[in-house]
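Below you'll find the structure, written out as structure tokens, and then a few comments.
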Amino acid sequence: LVLAVLLILQKIIPVNSLKRVEVRFINRQESLKYINVFFEKSGIKVLNLDFHIETSAATGISDQNVYTNIYTLHLPSSVNYVDVINHLSSYSNIQVVRVANT
């Protein structure tokens, strides 16, 4: 009975759990512009951002840094994480997109 009530409440009251989305990419300026435009058009708010850079010496790719941004996102009810991953992964400069619960 308790479980049934919780399931009904979850349908009535949307619970938007926070998730972290890791995006690994090359060509920093182009990729960040693409990501930011997508977030803005979709109404996605970035709550936190962690980032790091792997230099070309560390990656073994000459003259090509690899950038990793880890976003904590708040999605509007009309957007889900599958849509975010599918859209971001379709861009050629983005190498990895993955989601983790916070």
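Numbers given in this note's numbering equal positions in the sequence shown, counted from 1, plus 44. The beta carbon of each residue, even a glycine, is placed where N, CA and C say it ideally should be.
For this session: Could you work out which residue in 87, 72, 78 and 116 is closest to residue 145 when comparing CA atoms only?
Result: Locating residue 145 in the sequence shown gives position 101, counting from the first residue. Nearest of 87, 72, 78 and 116 to residue 145, Cα basis: 116.
Problem set entry | Close-in-space but distant-in-sequence residues of the same chain around residue 131 (CB under 7 angstroms, 5 per side omitted) | Here residue 131 refers to the residue found at position 87 of the sequence shown. Closer than 7 angstroms at Cβ, skipping near neighbours: 82.
Problem set entry | Beta-carbon proximity of residue 121 to residue 108, cut-off 7 angstroms | Looking up residue 121 in the sequence shown gives position 77. Looking up residue 108 in the sequence shown gives position 64. No, these two residues do not count as a Cβ contact at 7 angstroms.
Problem set entry | Neighbourhood of residue 87 by C-beta, 6 angstroms cutoff - its chain only, sequence neighbours within 5 removed | In the sequence shown, counting from the first residue as 1, residue 87 sits at position 43. Contacts found: 120.
For this session: Label residue 57 either buried or exposed according to how many other C-beta atoms from any shown protein chain fall within 10 Å of its C-beta, with 16 as the threshold for buried.
Result: Position 13 of the sequence shown, counted from the first residue, corresponds to residue 57. By the neighbour-count rule (16 or more Cβ atoms within 10 Å), residue 57 is not buried but exposed.
Exercise. From residue 111 to residue 94, what does the alpha carbon distance come to, in whole angstroms?
Worked result: Position 67 of the sequence shown, counted from the first residue, corresponds to residue 111. Position 50 of the sequence shown, counted from the first residue, corresponds to residue 94. Cα to Cα, the separation comes out at about 11 angstroms.
For this session: Express the C-alpha separation of residue 78 and residue 136 in angstroms, rounding to a whole number.
Result: One-based indexing of the sequence shown puts residue 136 at position 92. One-based indexing of the sequence shown puts residue 78 at position 34. Spanning the two alpha carbons is a distance of roughly 11 angstroms.
Problem set entry | Whether residue 124 touches residue 67 by CB criterion (7 angstroms) | Counting from 1 along the sequence shown, the entry for residue 124 is found at position 80. Counting from 1 along the sequence shown, the entry for residue 67 is found at position 23. Contact: no.
Exercise. What do you get for residue 133, buried or exposed, if any count of 16 or more other CB atoms within 10 angstroms of its CB means buried?
Worked result: Counting from one through the sequence shown, the residue named residue 133 turns up at place 89. By the neighbour-count rule (16 or more Cβ atoms within 10 Å), residue 133 is not buried but exposed.
Exercise. Cα separation between residue 52 and residue 62?
Worked result: Your numbering for residue 52 matches position 8 in the sequence shown. Your numbering for residue 62 matches position 18 in the sequence shown. If I take the Cα positions, the gap works out to 21 angstroms.
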